[in-house]
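Novice: Every position in the sequence shown, counted from 1, becomes a number in this note's numbering once 24 is added. Ideal Cβ positions, reconstructed from N, Cα and C, are used throughout, including at glycine. The structure presented is a predicted model; accordingly, all values stated were derived computationally and were not measured.
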Amino acid sequence: MHCPNCKGNNIGKIGNQQFYCWNCFIELSLIDGVLDLHQVESDGSLSSLNDLFSEDERRLQL
Ligand SMILES: [Zn+2]
Numbered sequence: 025m026h027c028p029n030c031k032g033n034n035i036g037k038i039g040n041q042q043f044y045c046w047n048c049f050i051e052l053s054l055i056d057g058v059l060d061l062h063q064v065e066s067d068g069s070l071s072s073l074n075d076l077f078s079e080d081e082r083r084l085q086l
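1) Going by DSSP, name the residue or residues bridged to G36.
2) Use the C-beta contact count for N29: other C-beta atoms within 10 angstroms, 16 or more gives buried, fewer gives exposed.
3) L73 to D60, Cα distance in whole Å?
4) Excluding sequence positions up to five away, which residues of its chain have a Cβ less than 6 Å from the Cβ of F43?
5) From which residue to which residue does the alpha helix (DSSP H) around L51 run?
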């Protein structure tokens with residue numbers, strides 16, 4: 025599994041279908057084989073990064 029943002033594989037599992045990229049500090053949720061990307065803001069809120077990627081880029085390559 026690779027992070028669509030940094031292409032790294034330094035990804036930790038933080039929950040069922042939820043992952044965290046330690047390279048670029050984004051949260052990845054797996055929904056129906058497509059990753060939902062969120063950035064954790066300094067105040068703890070989440071902002072979606074999905075707009076920055078196409079669905080193809082976010083689809084998990086198995
Ligand atoms: Zn990353």
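Specialist: Reading it off the structure:
1) Y44.
2) When all chains shown are included, N29 counts as buried.
3) Spanning the two alpha carbons is a distance of roughly 8 Å.
4) Scanning its chain for C-beta atoms nearer than 6 Å, with the 5 sequence neighbours on each side dropped, one finds around F43 the residues I35, K37, L52, in chain order.
5) The displayed chain sequence assigns Glu, not Leu, to residue 51. DSSP places E51 in no alpha helix (DSSP H) but in the uninterrupted beta strand (DSSP E) bounded by 50 to 55.
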